[in-house]
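The block underneath contains the structure these notes are about, expressed in structure tokens.
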Amino acid sequence: MAASRTSQTVASHVPFADLCSTLERIQKSKGREEKVRHFKEFLDSWRKFHDALHKHQMDVADSFYPAMRLILPQLERERMAYGIKETMLAKFYIELLNLPREGKDALKLLNYRTPTGTRGDAGDFAMIAYFVLKPRCLQKGSLNIQQVNELLDSVASNNSAKKKDLVKKSLLQLITQSSALEQKWLIRMIVKDLKLGISEKTIFSIFHNDAAELHNVTMDLEKVCRQLHDPSVGLSDISITLFSAFKPMLAAIADIEHIEKDMKHQSFYIETKLDGERMQMHKDGDVYRYFSRNGYNYTDQFGASPSEGSLTPFIHNAFKTDVQICILDGEMMAYNPSTQTFMQKGNEFDIKRMVEDSDLQTCYCVFDVLMVNNKKLGRETLQKRYEILNSTFTPVSGRMEIVQKAQARTKKEVIDALNEAIDKREEGIMIKHPLSIYKPDKRGEGWLKIKPEYVSGLMDKLDILIVGGYWGKGSRGGMMSHFLCAVAEKPPAGEKPTVFHTLCRVGSGYTMKELYDLGLKLAKHWKPFHKKAPPSSILCGTEKPEVYIEPCHSVIVQIKAAEIVPSEMYKTSCTLRFPRIEKIRDDKEWHECMTLDQLEHLRGKASGKLASKHLDVGSNDEPKEKKRKTTPKKKKVIGILEHLKAPNLSNISKVSNIFEDVEFCVMSGTDSHSKLDLENRIAEFGGYIVQNPGPDTYCVIAGSENIRVKNIISSDKHDVVRPAWLLECFKAKMCLPWHPRFMIHMCPSTKQQFAREYDCYGDSYFVDSDLNQLQEVFSGIKDSHDWTPDEIASVIADLEYRYSWDQSPLSMFRHHTIYLDLYTVINDVNTKLKGAGLAITALELQFHGAKVVSCLAEGVSHVIIGEDQSRVADFKDFRRTIRKKFKILHEYWVTDSIDKGELVEESQYLI
1 MAASRTSQTV
11 ASHVPFADLC
21 STLERIQKSK
31 GREEKVRHFK
41 EFLDSWRKFH
51 DALHKHQMDV
61 ADSFYPAMRL
71 ILPQLERERM
81 AYGIKETMLA
91 KFYIELLNLP
101 REGKDALKLL
111 NYRTPTGTRG
121 DAGDFAMIAY
131 FVLKPRCLQK
141 GSLNIQQVNE
151 LLDSVASNNS
161 AKKKDLVKKS
171 LLQLITQSSA
181 LEQKWLIRMI
191 VKDLKLGISE
201 KTIFSIFHND
211 AAELHNVTMD
221 LEKVCRQLHD
231 PSVGLSDISI
241 TLFSAFKPML
251 AAIADIEHIE
261 KDMKHQSFYI
271 ETKLDGERMQ
281 MHKDGDVYRY
291 FSRNGYNYTD
301 QFGASPSEGS
311 LTPFIHNAFK
321 TDVQICILDG
331 EMMAYNPSTQ
341 TFMQKGNEFD
351 IKRMVEDSDL
361 QTCYCVFDVL
371 MVNNKKLGRE
381 TLQKRYEILN
391 STFTPVSGRM
401 EIVQKAQART
411 KKEVIDALNE
421 AIDKREEGIM
431 IKHPLSIYKP
441 DKRGEGWLKI
451 KPEYVSGLMD
461 KLDILIVGGY
471 WGKGSRGGMM
481 SHFLCAVAEK
491 PPAGEKPTVF
501 HTLCRVGSGY
511 TMKELYDLGL
521 KLAKHWKPFH
531 KKAPPSSILC
541 GTEKPEVYIE
551 PCHSVIVQIK
561 AAEIVPSEMY
571 KTSCTLRFPR
581 IEKIRDDKEW
591 HECMTLDQLE
601 HLRGKASGKL
611 ASKHLDVGSN
621 DEPKEKKRKT
631 TPKKKKVIGI
641 LEHLKAPNLS
651 NISKVSNIFE
661 DVEFCVMSGT
671 DSHSKLDLEN
681 RIAEFGGYIV
691 QNPGPDTYCV
701 IAGSENIRVK
711 NIISSDKHDV
721 VRPAWLLECF
731 KAKMCLPWHP
741 RFMIHMCPST
751 KQQFAREYDC
761 YGDSYFVDSD
771 LNQLQEVFSG
781 IKDSHDWTPD
791 EIASVIADLE
801 YRYSWDQSPL
811 SMFRHHTIYL
821 DLYTVINDVN
831 TKLKGAGLAI
841 TALELQFHGA
851 KVVSCLAEGV
861 SHVIIGEDQS
871 RVADFKDFRR
881 TIRKKFKILH
891 EYWVTDSIDK
901 GELVEESQYL
911 I
């Protein structure tokens, strides 16, 4: 009878100290060959020990994975999510070692990025911790690699469960059983930056020739180590598989001048570059999985089955009946059903965390298919994949759509598409070769991308002032690597600004020499920033710098960015998306930086986008003959969109001054009066024309509600008025007051003014009406016997608002339409029992102004649930079928609001 085999792991026999000493040798080695040799020696010894255990009739339960995950921790982000950064570790060490808070070593740990002028370790927390720990720790640790992994896994799982005490307990075990050298490498593993000077690609190539490729299609380090344990055995098929996240194919930045050559002078596809989250969907029947470009699993958010999540329930039935299995690649977007537009990622929402009752809805925009049923499509051409994609599912508007594409052959078509994307405030365009195959993690293999910011001259630049700084880490240790920048409050005429509002933090765009030179220039002026006593000249939001500089000693930097987006982190209540330093403005004095007014004008100019100009291809679009070397190179011509150009009003003769120095923005005209005609007439009457509304714009004139007008309305900053008002002003040769019939949209201040002057039918409280105005008012009033309850409620609400009665507790629910779950079904018999408690709640709601309905339908704003929550799932299923989502709240929300005399925050009562 054969001897029983004992299960063993290599990791339980290899001391963690051995791995750390190997990593130390790799880091200290100068050349690549020497680094490779040290890693290979460790790997070979592991494999030999593995084989030795196997020869002694033992089952070996592990591969090289326990060591590999510690060497490449950045690839294990989801499994090794510790939620721990350097500052938290510093506080933990101070507590554990009982260091005096203001002592030298405690301050070294807490201010690890601040240069001390000694060893030059600034920015390297692990090295600073090593020297603090060396006299206080064991000379050699007692943990093996398996124990280290178990303790780190415990840290990750307890961090996920928000059990901070257990996180500390596991860290304590790691620290008390490790030497200072081991803790140095533990710290680097926890912060996922080993600083070895050798790339993951090199480590994969040493481990196995197929390792990098297998990891690209699985993003599973453990699977790579298990399947490729034997370096002499390769894999015959390495391809994308169902329910395994893969690294998506990427696009390289295109050079427009060489686009035809890059596409091999053949036709190509142009697609919109979407501004969402890259996401892959894996489907097998009713089972779904969603993975981000970095391999994170977002299935819980979007839905593992047709009965859950913010997306799957709405798209499950869109797939063709013969499609059981598929893998799709696309962009997860937020869709606004009210405006029927996609939201830009810079807006304040997170598509990965949107809830079902959000006003926005999740929409999956698909641009590729990698598998249908049992057929893998990665090696099919893009042209073939597109054909298959169109027969995979039926698009559902606002839920799952196919990214549209156009065929093109010329550079001019690319420029036209880019200009159209600028007009639509889109991120840019994609260029794809029809014969390209799908190559995971490859960039530019037939896929190119063009954004306005990649093209010189298309972006508005911002000249802003450096007011704060942050010490760098790693290669930028000991230097200011990031800067806090601000704009100035506009000072009185002839004076210099004294107050600055923070706008953004920027840390890219410069060379190391430029960073070094800038550091030298500002070095003597930096001062520590104290949160409790901040400088009066620099106003911050929640983002505070480590050091600050008095504005008069600072410099202006020219910043290039994609757009201006809302943010409460900065005093301006907005910030820049993807900012980078273009140059230091040595030609400008510190007080010549951008002002708040200029920032607001720029923000309103193109709905926050900083690309508002067009790229002009020139008049001659025919292929040009090869030029001789003596011919000067033709420069690109940068132009402005035709519809954004200011009209030429130099020949207009002024006939009146009724609009003198009044700024108008005319979006569109009427059938009888064009946009240009209205602009000419405004100029005749002394008015001033702009093409994008800013802070000084009196009003926007719109004959039709196009997408630009809708964007202005949604910003709620400007009054939008019908051209009829202008025409009446021209006729009367005087600036007439606005009347409700002229208004398309009113900003809050105008709305408030109208509420004081007009009733809900547009009849003035103060001005006598003529016959025509009375007829207009009466036409809007229905016979009182025909009024619906909704109309009566609206009139009451208007009266309450007009006379400030809406502050009364008796009207707190006036604007809510509420359904209460008064009935439950018992023992599967259709016996309905009235919930006495909820019935009383219903009466209280009505008494306090709510509209209580007996039928759950579109238009309900809230569903109130009692102690019995058996029907909550049914309500959520119904909510998915309607456009305007209602909130499901516990009845305590009602009772607590009534007790307090005002509406309480809903979030803690959500079910």
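What the sequence shown shows, in full-length UniProt numbering, is residues 1 to 911, in sequence order.
Cβ atoms here follow ideal geometry from the backbone N, Cα and C, with glycine treated the same way.
Considering only residues of the same chain and omitting the five flanking positions on each side of residue i, which have a CB-CB separation below 6 Å?
i, result
"D896", "V904"
"E891", "T841, I864, G866"
"Q407", "S267"
"V662", "G687, Y698"
"E453", "M459, A562"
"F367", "G330, V403"
"G295", "M219, A245"
"residue 945", "It is not possible to answer for residue 945, since the shown part of the chain is limited to 1 through 911."
Given a threshold of 16 other Cβ atoms within 10 Å of its Cβ, counted over all protein chains shown, does residue i qualify as buried or as exposed?
i, result
"K900", "exposed"
"A2", "Only weak support is given to the placement of A2: the predicted model assigns it a pLDDT of 43, under 50, and the value that follows is read from those uncertain coordinates. Exposed: under 16 other Cβ atoms inside 10 Å."
"H56", "exposed"
"A254", "buried"
"T697", "buried"
"Y761", "exposed"
"E679", "buried"
"H614", "buried"
"A732", "exposed"
"F393", "buried"
"Q183", "buried"
"E426", "buried"
"residue 949", "Look at the range of the chain in this structure, 1 to 911, and you will see that residue 949 is not part of it."
"Q361", "buried"
"P73", "buried"
"A488", "buried"
"C552", "exposed"
What are the boundary residues of the beta strand (DSSP E) that includes residue i?
i, result
"L673", "Note on identity: in this sequence residue 673 is His, with Leu being the wrong assignment. Per DSSP, H673 belongs to no beta strand (DSSP E) and is neither H nor E."
"P566", "563 to 566"
"Y698", "697 to 701"
"K560", "556 to 560"
"Y688", "688 to 690"
"P882", "Rather than Pro, the amino acid found at residue 882 in this sequence is Ile. I882 -> no beta strand (DSSP E), and no H or E assigned at all."
"residue 929", "There is no way to answer for residue 929, as the model of the chain reaches only from 1 to 911."
"D18", "No beta strand (DSSP E) contains D18, which is instead part of the alpha helix (DSSP H) from 16 to 28."
"K851", "851 to 853"
Who are the Cβ neighbours of residue i in its own chain at under 7 Å, not counting the five residues just before and after it?
i, result
"M569", "G541, T542, E543, T575"
"T630", "For T630, the predicted structure reports a pLDDT of 40, less than 50, and the residue's modelled location is therefore unreliable. A value from the coordinates is still provided. If we look at T630 and ignore the five residues flanking it on each side, it has no Cβ neighbours."
"L109", "A90, Y93, I94, I128, A129, V132"
"K588", "D463, I556"
"C151", "In the sequence under discussion, the amino acid at residue 151 is Leu, which differs from the Cys named in the question. Here the set comprises S170, Q173, L174."
If I measure Cβ to Cβ from residue i and keep anything under 8 Å in the same chain, skipping five residues before and after, which residues do I get?
i, result
"W46", "V10, V14, F64, A67"
"Q227", "L214, L235"
Considering just the uninterrupted stretch of the alpha helix (DSSP H) at residue i, what are its terminal residues?
i, result
"residue 935", "Since the first residue shown for the chain is 1 and the last is 911, residue 935 is missing from the structure and cannot be characterised."
"P723", "723 to 732"
"M68", "65 to 71"
"T218", "211 to 218"
"L89", "86 to 96"
"D105", "104 to 110"
CB of residue i to nearest heavy atom of the ligand SAM: below 8 Å?
i, result
"C574", "As presented, the structure is devoid of all ligands, the ligand SAM included, so that no description of it is given."
*asked:* Under 8 Å, with one C-beta from each stretch per pair, do the region 312 to 321 and the region 859 to 866 reach the 3-pair mark?
replied: no
*Within the region 228 to 287, note down every full beta strand (DSSP E) run reaching 3 residues or more, in order along the chain.*
250 to 253, 268 to 273, 277 to 284
*asked:* My parser needs the alpha helix (DSSP H) runs of 4 or more residues fully inside the region 309 to 345; what are they?
replied: 312 to 315
_Check whether the region 259 to 270 and the region 290 to 305 touch, using three or more Cβ-Cβ pairs below 8 Å as the test._
no
*Could you tell me which uninterrupted alpha helix (DSSP H) segments, each at least 4 residues in length, are contained entirely in the region 154 to 208, listed from first to last along the chain?*
164 to 176, 180 to 190, 200 to 207
_If we require 4 or more residues per run, which alpha helix (DSSP H) segments fall completely within the region 405 to 463?_
411 to 423
*Could I get the ranges of all uninterrupted alpha helix (DSSP H) runs contained in the region 498 to 529, with 4 residues as the minimum, in chain order?*
512 to 522
*Taking 8 Å as the threshold, find out whether the region 170 to 190 comes into contact with the region 217 to 226 through three or more Cβ pairs.*
no
*Fully enclosed by the region 573 to 605, which beta strand (DSSP E) runs are 3 residues long or longer?*
574 to 577, 580 to 584
*Hey, is the region 518 to 537 in contact with the region 592 to 601, meaning 3+ C-beta pairs nearer than 8 Å?*
no
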